[in-house]
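Chemist: All residue numbers for the sequence shown refer to this note's numbering, where the first residue is 5 and numbers rise by one. Glycine residues also receive a C-beta, built at the ideal position from the N, C-alpha and C atoms. The structure displayed is predicted, hence computed values, not measured ones. Here's a structure for you.
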Amino acid sequence: MGVPSSEALQVGSIMATKLVSNEFVAMMDLQKIASTLSPRAEGIISVFLVSFANFSSIGIIAGAVKGLNEEQGNVVSRFGLKLVYGSTLVSVLSASIAALVL
Numbered sequence: 005m006g007v008p009s010s011e012a013l014q015v016g017s018i019m020a021t022k023l024v025s026n027e028f029v030a031m032m033d034l035q036k037i038a039s040t041l042s043p044r045a046e047g048i049i050s051v052f053l054v055s056f057a058n059f060s061s062i063g064i065i066a067g068a069v070k071g072l073n074e075e076q077g078n079v080v081s082r083f084g085l086k087l088v089y090g091s092t093l094v095s096v097l098s099a100s101i102a103a104l105v106l
């Protein structure tokens, strides 16, 4: 992804926090360690964090779709894990593209 190897554990921890909880909790964790990260790592993780790649976002989307159309909401719920997987891949791709620019 382009994160320096000395900072990979810290950045990976923030990425995992975002996936499991949400981007707000991960941003608070990033704020605590931002001064120890290089500008490159901070830019890469910032791009990764601004997405909807987490379990809570998929639940919110499924609930909203279910409110509009019960049948389609069930379809979204069935594919929840695949949606999280796909959205995480898109977030990693976006962060990798940002790494090329930074």
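(1) Can you name the start and end residues of the alpha helix (DSSP H) that leucine 87 belongs to?
(2) Using the rule of at least 16 other Cβ atoms within 10 Å of the residue's Cβ for burial, across every protein chain shown, is lysine 36 buried or exposed?
(3) Straight-line CA distance for leucine 41 to isoleucine 18?
(4) Thinking just about the alpha-carbon of each residue, which of Leu87, Val54 and Ile49 is nearest to the one in isoleucine 65?
(5) Please go through the same chain and pick out, in chain order, the residues whose beta-carbon is closer than 8 Å to the beta-carbon of glutamate 46, but skip the five residues on each side of it.
(6) Taking the alpha carbon of glutamate 11 as the reference point, which residue from Phe28, Asn26, Arg82 and Ile48 has its own alpha carbon closest?
(7) Helix, strand or coil, according to DSSP, for glycine 63 in the structure here?
Modeler: On the basis of the supplied data:
(1) 84-105
(2) exposed
(3) 12 Å
(4) Leu87
(5) Leu34 and Ala38
(6) Ile48
(7) helix
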